[in-house]
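Chemist: If you scroll down you'll find the structure; I have some questions about it.
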Amino acid sequence: MTRTSRKRLVPILLGGLVLGLSMNAPAKAEELRIGFIAPLTGIFAQIGKDMTNGFQMYLDEHGNKLGGATVKFVVEDDAGKADAAVTKAKKLVLSDKAQMFIGGLLASTGYALAPVSNSEKTLYIASIPAADDLTQRQASKYPYFFRTTWTSSQPHHPLGKWACEQGHKKVVTIAADYAFGYEVVGGFQKAFEDCGGKVIQKLWPRLGEKDFGPFIPQIKGDADAVFSLMVGPMALQFPKQLRQSGYKKPIIGGGTSYDEFILPNMGDFAIGDVSALQYSAAIETPKNEAFVKAYRKKYGKVPSYYSEANYTTAQVIDEAMKKAGGKYPGPEKFVAIMGGLKIDAVRGPVHFEDRNPVQNIYIKKVEKKKMFGYPKAELWNVIIKTYPNVSQYWTYGKDKFLKQPVYSRTYPPCKNCE
Amino acid sequence: MTSQKIKILMVAVVLAALAYIVPNSSSFVVLLATRALVFAILAMSLDILLGFTGLPSLGQAAYFGVGAYLTAILATKFHIGLGWDFWLVVIYGMLIGAALAALFGLFAIRASGVYFLMITLALGQCVWGLAYRWNSLTGGDNGISVTARPAFGLDLTNERTFFFLVFAFFIFTLISLYVLVQSPFGRSLAGIRERELRMQILGYNTWLHKYIAFIIAGAFGGLSGVLWAHTNGLVSPETVVLTTSVDALLMVVLGGAGTLVGGAIGSAIVFGLREYLSTLVPWWQYVLGGVYVLTILYLPTGLMGIPARIRQARGASDKTAKPAAPEKLAPTPS
Chain Y
241 MTRTSRKRLV PILLGGLVLG LSMNAPAKAE ELRIGFIAPL TGIFAQIGKD
291 MTNGFQMYLD EHGNKLGGAT VKFVVEDDAG KADAAVTKAK KLVLSDKAQM
341 FIGGLLASTG YALAPVSNSE KTLYIASIPA ADDLTQRQAS KYPYFFRTTW
391 TSSQPHHPLG KWACEQGHKK VVTIAADYAF GYEVVGGFQK AFEDCGGKVI
441 QKLWPRLGEK DFGPFIPQIK GDADAVFSLM VGPMALQFPK QLRQSGYKKP
491 IIGGGTSYDE FILPNMGDFA IGDVSALQYS AAIETPKNEA FVKAYRKKYG
541 KVPSYYSEAN YTTAQVIDEA MKKAGGKYPG PEKFVAIMGG LKIDAVRGPV
591 HFEDRNPVQN IYIKKVEKKK MFGYPKAELW NVIIKTYPNV SQYWTYGKDK
641 FLKQPVYSRT YPPCKNCE
Chain U
72 MTSQKIKILM VAVVLAALAY IVPNSSSFVV LLATRALVFA ILAMSLDILL
122 GFTGLPSLGQ AAYFGVGAYL TAILATKFHI GLGWDFWLVV IYGMLIGAAL
172 AALFGLFAIR ASGVYFLMIT LALGQCVWGL AYRWNSLTGG DNGISVTARP
222 AFGLDLTNER TFFFLVFAFF IFTLISLYVL VQSPFGRSLA GIRERELRMQ
272 ILGYNTWLHK YIAFIIAGAF GGLSGVLWAH TNGLVSPETV VLTTSVDALL
322 MVVLGGAGTL VGGAIGSAIV FGLREYLSTL VPWWQYVLGG VYVLTILYLP
372 TGLMGIPARI RQARGASDKT AKPAAPEKLA PTPS
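Chains as they are written, first to last, in the working numbering: chain Y, 241 to 658; chain U, 72 to 405.
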């Protein structure tokens with residue numbers, strides 16, 4: 241090789257190097273690393289699948305990009321256990337350098353993961369955990385915490401008011417004996433009694449109870465209706481056993497008692513039961529119809545609120561990233577950007593107040609009918625009333641609401657129980 | 072005693088290597104190692120009962136739980152244990168573990184074998200029930216978040232520094248329990264394990280021996296709980312649940328009962344498989360299950376029994392050599 245040809249080679253090599261770098265650099269800058277925690281083994285594995293599928297579907301529909309950034313999506317299994325969730329969240333932040341972590345199922349997991357967001361200074365988006373206080377009395381403790389779906393009591397304040405307006409005077413509540421159950425029943429009872437109704441008895445079967453034989457005979461005969469909050473397999477058993485015992489009065493249910501995760505497995509005994517949530521697969525909007533059809537085609541089942549919640553979470557991140565100019569700006573700024581969003585979600589219009597969504601709450605009745613052009617008559621949560629713009633404080637106002645203690649087994653007190 | 076010295080030397084070398092390798096690994100490895108060490112302390116405390124006294128306890132999570140809840144409640148409600156008084160909390164934790172064991176021991180020690188297993192299981196579940204239902208104190212199902220680690224000169228928010236703290240407690244536990252089992256008291260525990268009746272005939276108060284061993288195991292269980300509250304940052308009924316007791320039992324069996332370090336090895340393997348493998352493959356549970364089954368089938372003395380088995384196999388193949396007797400875990404007093 242002559243000297244001149246070698247001299248000529250240098251700029252070519254340099255040019256190539258620059259070109260190579262310039263091709264690499266922007267791709268690297270626009271990567272968004274998202275960690276996702278869901279139970280993929282154990283008793284909640286199927287719910288975990290619904291959660292992951294919802295988020296993954298949004299990514300697939302948008303070419304694996306959120307707000308222009310290519311997403312590195314890492315899913316970790318917490319087996320539905322809070323301790324494991326903490327380990328996995330730290331793994332996502334430390335090993336995978338995740339810029340945010342999303343998910344968790346149970347309220348206790350939410351409480352476990354929120355402190356991790358503090359210690360690792362990383363954004364945590366609770367797409368499912370609904371523990372009230374994380375965005376209420378303890379909100380100031382966790383500045384990197386954001387919620388995209390609901391608080392436990394949020395849909396049940398309107399449901400309490402609705403039940404009262406239907407003319408129910410006396411209601412017996414029966415709910416799973418843990419924090420989520422207390423908050424759901426608390427929300428219902430508060431709104432129901434403020435409107436003039438009376439909760440005359442509260443029963444607490446343990447979480448996971450499948451035999452309601454000991455509880456059903458205790459239900460007081462002078463009640464106009466039963467309010468139930470069941471989770472998972474409990475939700476299948478309770479209405480069935482109650483109807484089999486010959487109970488004819490209305491059953492009203494908390495969000496998870498009749499959601500689409502459990503509904504297709506229910507028999508005709510559930511027809512006519514009413515529940516409330518921020519999502520129903522039977523919302524008759526073009527957007528939801530398209531979502532249900534696409535989801536059902538892809539995963540072979542009707543989307544549950546677990547799927548919709550995580551689909552919408554991806555949408556929230558997408559729109560926030562667009563506002564941030566396609567580059568993740570750090571947790572403080574990102575929380576602020578998300579808080580200012582107004583989005584058109586599958587479940588309806590959503591905006592945020594105190595890092596928690598303000599949205600439609602749907603009062604839904606289980607009906608057997610044909611929907612969205614599907615040939616068979618199936619059980620659907622048909623919407624019978626919509627309460628728009630419901631916040632976590634309902635109509636009480638933030639200050640007044642936060643002055644009362646968090647809903648618990650003993651609050652609101654059961655004044656009308658004997 | 073030379074073989075004993077070699078063993079001690081080997082353990083010391085492994086520990087020194089651990090203290091060097093772990094802090095230079097990735098943050099996630101440090102995190103897992105810290106967690107494994109806390110459970111190693113719990114497993115070793117259980118080994119005193121299972122391996123040295125022959126009492127299979129399924130309630131060790133109770134002491135772990137009260138230690139953890141005590142730490143969490145003191146830290147969040149009274150702001151105790153977040154400075155130098157952390158060392159006081161360590162002592163309180165051991166005392167409350169010991170006190171609970173002293174209470175439970177009154178019920179449990181009268182039984183043995185499966186009955187002992189069932190009684191400790193029931194007592195452990197009582198503690199779980201309390202943690203789950205005593206909402207005002209324990210936060211119920213949601214548990215208590217311990218957001219701050221103690222600050223006394225060391226920066227314990229740094230996971231590597233915190234690892235060394237836990238490591239120090241681990242070594243403290245290992246040495247204390249080793250001294251205990253080598254003492255005449257420890258020897259008589261082994262005697263009770265081998266043949267309780269004979270020990271009674273020899274004039275030993277076996278009930279008292281077992282009771283004291285139970286209390287000591289409770290104290291170290293409480294210690295591991297104190298550390299867990301700060302390691303995990305969350306104490307919930309899940310901490311006290313039956314699976315924690317079962318995990319500890321499996322760790323001891325996996326590593327080798329009656330060897331102390333076996334519990335630590337078991338803890339490392341369980342954490343390695345459960346927490347690390349689960350980030351790589353979805354079928355990690357089968358691997359963990361397979362390891363358990365294979366250990367029970369082929370290594371009833373646990374992984375620590377491997378050298379003895381190798382020696383045995385060598386002895387069998389080498390016809391000229393004297394057949395080596397299977398190594399006894401502890402000498403049997405007669």
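Even glycine gets a Cβ: it sits at the ideal position worked out from N, Cα and C. This one's a predicted model, so the numbers in the text were calculated from it and none came from an experiment.
1) What does a CB cutoff of less than 8 Å around residue 570 of chain Y pick up in its chain, not counting 5 residues either side in sequence?
2) Do residue 304 of chain U and residue 369 of chain Y have their beta-carbon atoms positioned less than 8 Å apart in this structure?
3) What are the residues of the segment 325-351 of chain Y that lie near chain U, defined by any Cβ-Cβ distance shorter than 7 Å?
4) Does any C-beta atom of chain Y lie closer than 8 Å to the C-beta of residue 356 of chain U?
5) How would you list, in chain order, the residues of chain Y whose beta-carbon sits under 7 Å from the beta-carbon of residue 212 of chain U?
6) Quick one: which residues of the segment 289-306 of chain U get their C-beta closer than 8 Å to a C-beta of chain Y? List them in chain order.
7) For residue 272 of chain Y and residue 561 of chain Y, which I take to be in contact (beta-carbon distance under 8 Å), what is that distance rounded to the nearest angstrom?
8) What are the complete alpha helix (DSSP H) segments, minimum 4 residues, inside the segment 366-422 of chain Y?
9) Taking 6 Å as the limit between beta carbons, can you name the residues of its chain near residue 500 of chain Y, skipping five residues before and five after?
10) Checking 8 Å against the spacing of the C-beta atoms, do residue 329 of chain Y and residue 277 of chain Y come in under that value?
11) What first and last residue would you give for the alpha helix (DSSP H) that runs through residue 356 of chain U?
12) Report yes if the CB atom of residue 516 of chain Y is closer than 8 Å to the CB atom of residue 601 of chain Y, and no otherwise.
13) Which residue or residues does DSSP assign as beta-bridge partners of residue 273 of chain Y?
14) I think residue 116 of chain U touches residue 288 of chain U, with their Cβ atoms under 8 Å apart; what is that distance to the nearest whole Å?
15) Cα-Cα, which of U:312, U:335, U:297 is closest to residue 321 of chain Y?
16) Determine the DSSP secondary structure at residue 468 of chain Y, reduced to helix, strand or coil.
17) Tell me, which residues are paired with residue 620 of chain Y by DSSP?
18) Which one of U:235, U:268, U:284, U:234 has the shortest CA to CA distance from residue 255 of chain U?
19) Is it the case that the segment 107-127 of chain U contacts the segment 240-260 of chain U, given that we only count it when at least three CB pairs across the two stretches are under 8 Å?
20) Mark residue 616 of chain Y as exposed unless 16 or more other C-beta atoms lie within 10 angstroms of its C-beta, in which case mark it buried.
21) Answer with yes or no whether the minimum CB distance from residue 94 of chain U to chain Y is below 8 Å.
22) According to the neighbour-count rule (16 or more other Cβ atoms, all chains shown, within 10 Å of its Cβ), is residue 184 of chain U buried or exposed?
23) Can you tell me where the beta strand (DSSP E) holding residue 340 of chain Y begins and where it ends?
24) Count Cβ pairs between the segment 371-385 of chain Y and the segment 299-311 of chain Y that sit closer than 8 Å; are there 3 or more?
25) Tell me residue 593 of chain Y's beta-bridge partners as DSSP assigns them.
26) Contact check, residue 408 of chain Y vs residue 494 of chain Y under 8 Å by CB: the rounded distance?
27) Just mark residue 309 of chain U as buried or exposed, buried being the case when its beta carbon has 16 or more other beta carbons within 10 Å.
28) For residue 462 of chain Y, which residues from the same chain have a beta carbon less than 8 Å from its beta carbon, with the 5 sequence-adjacent residues on both sides left out?
29) What residue range does the beta strand (DSSP E) around residue 76 of chain U cover?
30) Using a beta-carbon distance cut-off of less than 8 Å, what residues from the segment 379-398 of chain Y approach chain U?
31) Starting from residue 310 of chain U, find everything on chain Y with Cβ-Cβ shorter than 8 Å and list it in chain order.
32) For residue 380 of chain Y and residue 594 of chain Y, I'd like the C-alpha separation in whole angstroms.
33) The beta strand (DSSP E) spanning residue 582 of chain Y covers which residue range?
34) From which residue to which residue does the alpha helix (DSSP H) around residue 557 of chain Y run?
35) Is there a Cβ of chain Y sitting closer than 8 Å to that of residue 105 of chain U, yes or no?
36) Compare the C-beta of residue 99 of chain U against all C-beta atoms of chain Y and say whether one is closer than 8 Å.
Modeler: The short version:
1) Excluding its 5 nearest sequence neighbours in each direction, residue 570 of chain Y has no C-beta neighbour in its own chain below 8 Å.
2) no
3) So the list reads 326, 327, 330, 331, 334, 335, 347, 348, 351, given in the order they occur along the chain.
4) Residue 356 of chain U counts as touching chain Y.
5) 348, 418, 419
6) 303, 304, 305
7) 7 Å
8) 396-405
9) 521, 542, 544
10) The Cβ atoms of residue 329 of chain Y and residue 277 of chain Y lie closer than 8 Å to each other.
11) 355-369
12) yes
13) Y:312
14) 5 Å
15) U:312
16) strand
17) Y:607
18) U:284
19) yes
20) Note on residue 616 of chain Y: under 16 other CB atoms within 10 angstroms of its CB, so exposed under the neighbour-count rule.
21) Using a CB distance cut-off of 8 Å, residue 94 of chain U does not count as an interface residue toward chain Y.
22) exposed
23) That run of the beta strand (DSSP E) goes 340-343.
24) no
25) Y:596
26) Residue 408 of chain Y to residue 494 of chain Y, Cβ: 15 Å. No contact.
27) buried
28) 410, 440
29) Note, residue 76 of chain U: premise wrong, no beta strand (DSSP E); alpha helix (DSSP H) at 73-92.
30) 381: these are the residues of the segment 379-398 of chain Y whose beta carbon lies less than 8 Å from some beta carbon of chain U, given in chain order.
31) The contact set of residue 310 of chain U on chain Y, defined by CB atoms closer than 8 Å, consists of 323 in chain order.
32) 10 Å
33) 582-585
34) 545-563
35) no
36) yes
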